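Trainee: Can you read through this structure? Questions will come right after.
Chains as they are written, first to last, in the numbering used here: chain A, 2 to 100; chain B, 25 to 489.
Quick look at the structure:
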């Protein structure tokens, strides 16, 4: 079964994918369940167009990017090991510092 | 005798000049008279004198604050609590201005404002308490003066200094609630740690381009900035308002919300943004409030066994400076650079050259040098150096053909001159181009200091942005 989800980028993180904030995605079928860690890799290969090092460092997002799963901090949801569900909304927010 | 040969038009011009001068003197007088009411603090801290506790409202208070007094949730007790509260605003900019004016209007007892900077023309579209005639004066003083006009019963303490590890705790100790209205990562970590060490709630706002964020740290056992962001972002991932731009209303909205949360905390209503983050997107017209993680036991400053037990060097920690001012880099040696006067001479002498402008298109629309240019925005250039280089070489060859049809490819005498806003990106572009074109006999030069220097040293009428 494929998995339909929404991925959003904001706070400047959208600049890494040609300034497109909202992506309706269909994740391809795979044997095991889709975890956030799989999604990060998939996004890096398929969606991130510019400077991937400003999105991922090691196996997680770079410092200064907050990940939300259905409007909650991913730390509350299991971080990299969260199992993605149909219609989930995952948001990558770059923290702003201007004022 | 000279007066007789002046025409009526000239008299009018002379009069209008004198009128403008008189108006300017009146304004200066006003600023000086107001100054005497507010004591500015510009170096080490004299402890702000403690305020006497207020137990009752005066007739004047009841009249001024009547529309909030009649709110049952707020009432007389809420107002008395506000009057006995002291709020510190760090950053007298796009967030600090709206925050300060609403706090002053609401009747907070004491408002401190910290900023090392002076008012600039490019601040005024968003830093709305400063005025055109105050360009060049201290921002913290300017805010205090504007707020004083709205509500003279508040005690204003402007600090004209850079908040740093040596003074932050001494300043913060005098206040109950701290507003982070700063514009850089290093000061945000500094303020966070200082608020944890001094046990003060930190109402944090930020804004850039069309987006704003708001949350409250270190309040009632909630998380601090480091719980969320244990490690600072890589400096190249950070953009400030002078680089990325900002719509003035966006910090206006976030700064107003910071004032609101401070008022709620001070009056005992409590904040709605402890362990919550508000995301405002002005382009989509959306406000979204999301739940954050709780306080982290492993946090290096507010956790169970903290490693940060006193303030550290935050510029070093973040690898970036505690200001949003221009930072000049130098990656090229002098033989690859010309100054703006030398470029001006090239234009005067009609020296054949290719001008390469590496600014974004939106900036090229604002102003450009008086010579046709190839525009390849820096990000596009970096993403495809080889293709950009071959485009440039083609232009060089075409021009050389026109000017010296007999010359061989090895003696092309048409330099490429690269320009940007301040002379940083242009240096990086020249460095890349030189590597790419090594051995091809094409000279690539950078204009030192970019368009800012052009305006300063060659053409004072040239716009600065």
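Glycine is no exception: its CB is placed at the ideal position from the N, C-alpha and C atoms. Fair warning: this is a prediction, and the values are worked out from it, not measured in the lab.
1. Consult DSSP for residue 296 of chain B and reduce its assignment to one of helix, strand or coil.
2. Could you give the distance in angstroms between the alpha-carbon of residue 38 of chain A and the alpha-carbon of residue 73 of chain A?
3. With 16 other CB atoms within 10 Å as the buried threshold, where does residue 68 of chain B fall?
4. Quick one: give me the first and last residue of the alpha helix (DSSP H) that residue 94 of chain B is part of.
5. Helix, strand or coil: which one does DSSP assign to residue 68 of chain B?
6. Excluding the 5 residues flanking residue 11 of chain A on each side, which residues of the same chain have their C-beta closer than 8 Å to its C-beta?
7. Can you tell me which of the three DSSP states residue 40 of chain A falls into?
8. Can you tell me the Cα-Cα spacing of residue 87 of chain A and residue 457 of chain B, whole angstroms?
9. On the CB-based measure, 16 or more other CB atoms within 10 Å of its CB, does residue 263 of chain B come out buried or exposed?
10. Taking only beta-carbon positions, decide if residue 64 of chain A is within less than 9 Å of chain B.
11. Specify whether the region 63-77 of chain A and the region 217-234 of chain B touch according to this definition: at least 3 beta carbon pairs, one from each stretch, less than 8 Å apart.
12. Whole angstroms are fine: how far does the CA of residue 278 of chain B sit from the CA of residue 362 of chain B?
13. Measure the C-alpha to C-alpha separation of residue 455 of chain B and residue 314 of chain B and round it to an integer number of angstroms.
14. Identify whether residue 449 of chain B lies in helix, strand or coil by the three-state DSSP scheme.
15. Is there a Cβ of chain B sitting closer than 9 Å to that of residue 13 of chain A, yes or no?
16. Flag residue 82 of chain A as yes if its beta-carbon sits less than 9 Å from any beta-carbon of chain B, otherwise no.
17. With a Cβ-Cβ cutoff of 9 Å, do residue 348 of chain B and residue 207 of chain B count as a contact?
18. Any beta-carbon of chain B closer than 9 Å to the one on residue 46 of chain A?
19. Can you list, in chain order, the residues of its chain whose CB lies under 7 Å from that of residue 31 of chain B, leaving out five sequence neighbours each side?
20. Below 8 Å, can you find three or more Cβ-Cβ pairs linking the region 189-197 of chain B to the region 139-151 of chain B?
21. Leaving aside the five residues before and after residue 412 of chain B along the sequence, list all residues of the same chain whose C-beta is less than 7 Å from its C-beta, in chain order.
22. Please classify residue 110 of chain B: is it buried, with 16 or more other beta-carbons within 10 angstroms of its beta-carbon, or exposed?
23. What does the Cβ neighbour count give for residue 201 of chain B, buried or exposed, with the cut at 16 atoms within 10 Å?
24. May I ask which residues mark the beginning and end of the beta strand (DSSP E) holding residue 411 of chain B?
25. Straight-line CA distance for residue 127 of chain B to residue 112 of chain B?
26. Please name the residue, chosen from B:365, B:123, B:370 and B:470, that lies closest to residue 229 of chain B on a Cα-to-Cα basis.
27. Shorter than 9 Å from the beta carbon of residue 254 of chain B to some beta carbon of chain A?
28. Looking at C-alpha atoms only, which residue of B:103, B:184 and B:364 is the closest neighbour of residue 84 of chain B?
29. Who are residue 315 of chain B's beta bridge partners in DSSP?
30. Spatial neighbours of residue 365 of chain B within its chain, please: C-beta separation below 7 Å, excluding the five flanking residues on both sides.
31. Provide the residue(s) that pair with residue 442 of chain B in DSSP beta bridges, ordered along the chain.
32. Inspect the CB distances between the region 207-217 of chain B and the region 349-359 of chain B and report whether three or more fall short of 8 Å.
Mentor: For this structure:
1. Here residue 296 of chain B refers to the residue found at position 272 when the second chain is read from its first residue. If DSSP states are grouped into helix, strand and coil, residue 296 of chain B belongs with coil.
2. Locating residue 38 of chain A in the first chain gives position 37, counting from the first residue. Locating residue 73 of chain A in the first chain gives position 72, counting from the first residue. Cα to Cα, residue 38 of chain A sits roughly 17 Å from residue 73 of chain A.
3. Residue 68 of chain B sits at position 44 when you count from the first residue of the second chain. For residue 68 of chain B, the predicted structure reports a pLDDT of 49, less than 50, and the residue's modelled location is therefore unreliable. The matter cannot be settled from this model.
4. The count along the second chain starts at 1 and reaches residue 94 of chain B at position 70. Element bounds for residue 94 of chain B: n/a, residue is neither H nor E.
5. Numbered from its first residue, the second chain carries residue 68 of chain B at position 44. At residue 68 of chain B the pLDDT is 49, less than 50, meaning the model places this residue with poor confidence; the figure from the coordinates comes in the next sentence. Note: residue 68 of chain B maps to coil in three-state DSSP.
6. As a working mapping, residue 11 of chain A is identified with position 10 in the first chain. Counting only Cβ-Cβ distances below 8 Å, and skipping sequence neighbours, we find 22, 92, 93, 94 and 95.
7. The sequence position of residue 40 of chain A within the first chain is 39, counting from 1. Note: residue 40 of chain A maps to helix in three-state DSSP.
8. Mapped onto the first chain, residue 87 of chain A falls at position 86. Mapped onto the second chain, residue 457 of chain B falls at position 433. The alpha-carbon atoms of residue 87 of chain A and residue 457 of chain B are separated by roughly 48 Å.
9. Sequence index remark: in the second chain, residue 263 of chain B carries index 239 (1-based). Buried, since its Cβ has 16 or more Cβ neighbours within 10 Å.
10. Locating residue 64 of chain A in the first chain gives position 63, counting from the first residue. Chain B, which has a Cβ nearer than 9 Å to the Cβ of residue 64 of chain A, makes this yes.
11. no
12. Locating residue 362 of chain B in the second chain gives position 338, counting from the first residue. Locating residue 278 of chain B in the second chain gives position 254, counting from the first residue. Roughly 43 Å separates the two Cα atoms.
13. The residue given as residue 455 of chain B occupies position 431 in the second chain. The residue given as residue 314 of chain B occupies position 290 in the second chain. Cα to Cα, residue 455 of chain B sits roughly 44 Å from residue 314 of chain B.
14. For the purposes of this step, residue 449 of chain B is taken as the residue at position 425 of the second chain. Residue state, collapsed to three classes: helix.
15. In the first chain, residue 13 of chain A corresponds to position 12, counting from 1. Judged by the 9 Å Cβ criterion, residue 13 of chain A is in contact with chain B.
16. Start at 1 with the first residue of the first chain, and residue 82 of chain A comes out as number 81. No, no contact with chain B.
17. Here residue 348 of chain B refers to the residue found at position 324 when the second chain is read from its first residue. Here residue 207 of chain B refers to the residue found at position 183 when the second chain is read from its first residue. Result yes, Cβ atoms of residue 348 of chain B and residue 207 of chain B sit closer than 9 Å.
18. Indexing the first chain from 1 puts residue 46 of chain A at position 45. No, residue 46 of chain A does not count as interfacial toward chain B.
19. Here residue 31 of chain B corresponds to residue number 7 of the second chain, with the count starting at 1. Cβ within range, chain order: n/a, list empty.
20. no
21. Indexing the second chain from 1 puts residue 412 of chain B at position 388. 400 and 405, listed in sequence order.
22. As a working note, residue 110 of chain B is residue 86 in the second chain. It is buried - the Cβ of residue 110 of chain B has at least 16 other Cβ atoms within 10 Å.
23. Here residue 201 of chain B corresponds to residue number 177 of the second chain, with the count starting at 1. Buried.
24. Within the second chain, numbered from 1, the residue matching residue 411 of chain B stands at position 387. It is not in any beta strand (DSSP E) - residue 411 of chain B instead sits in the alpha helix (DSSP H) that spans 409-427.
25. In the second chain, counting from the first residue as 1, residue 127 of chain B sits at position 103. In the second chain, counting from the first residue as 1, residue 112 of chain B sits at position 88. If you take the alpha carbons of residue 127 of chain B and residue 112 of chain B, they lie about 10 Å apart.
26. As a working note, residue 229 of chain B is residue 205 in the second chain. It is B:123.
27. Numbered from its first residue, the second chain carries residue 254 of chain B at position 230. Yes, its Cβ sits closer than 9 Å to a Cβ of chain A.
28. The residue given as residue 84 of chain B occupies position 60 in the second chain. The shortest Cα separation from residue 84 of chain B among B:103, B:184 and B:364 belongs to B:103.
29. Here residue 315 of chain B refers to the residue found at position 291 of the second chain. Answer is A:73 and B:300, bridged to residue 315 of chain B.
30. The count along the second chain starts at 1 and reaches residue 365 of chain B at position 341. 481 and 482.
31. By one-based count along the second chain, residue 442 of chain B stands at place 418. Its beta-bridge partners are B:380 and B:470.
32. no
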